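Residue numbers (the UniProt record's numbering): 1 to 81.
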């Protein structure tokens, strides 16, 4: 459903105004490159590590729930001040 919305409201008008190749570059290639850069800097190195060491490294990464809970605590503290 979301993909249809993006195609109809963003891709088709963009393709008509700037062409196919620039539309693909902006809507597909740019997010892929940004994702690769993000993953390169934020995923732990796993070369020459055992599967157990990789599991331990991944277990130490912050989860979405822990990040959300930290944000709520900070928001509540700022409201109390």
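Glycine included, C-beta positions come from ideal geometry on N, C-alpha and C.
Owing to the predicted nature of the structure, the values given are computational and were not obtained by experimental measurement.
Is it true that the CB of residue 63 sits closer than 8 Å to the CB of residue 54? Taking the chain shown and counting its residues from 1, the one referred to as residue 54 is at position 54. Taking the chain shown and counting its residues from 1, the one referred to as residue 63 is at position 63. Not closer than 8 Å, so no.
Alpha-carbon spacing of residue 57 relative to residue 41, whole angstroms: For the purposes of this step, residue 57 is taken as the residue at position 57 of the chain shown. For the purposes of this step, residue 41 is taken as the residue at position 41 of the chain shown. Looking at the two C-alpha atoms, the distance is approximately 15 Å.
Indicate the three-state DSSP secondary structure (helix, strand or coil) for residue 1 in the structure shown. Taking the chain shown and counting its residues from 1, the one referred to as residue 1 is at position 1. Judged by DSSP in its simplified three-state form, residue 1 adopts coil rather than helix or strand.
Measure the beta-carbon distance from residue 23 to residue 5 and round it to whole angstroms, keeping in mind my assumption that it falls under 8 Å. As a first step, residue 23 is located in the chain shown; it is residue number 23 there, counting from the start. As a first step, residue 5 is located in the chain shown; it is residue number 5 there, counting from the start. For a cut-off of 8 Å, the C-beta gap from residue 23 to residue 5 is around 16 Å, too long to register as a contact.
Who are the near neighbours of residue 51 in its chain, counting only those whose CB is closer than 6 Å to its CB and skipping five residues on each side? Position 51 of the chain shown, counted from the start, is the residue given in the question as residue 51. For residue 51, there are no CB contacts under 6 Å within the same chain when 5 residues up- and downstream are skipped.
Any idea what DSSP makes of residue 43, helix, strand or coil? Residue mapping note: residue 43 aligns to position 43 of the chain shown, counting from 1. The three-state reading of DSSP puts residue 43 in coil, since its state is none of H, G, I, E or B.
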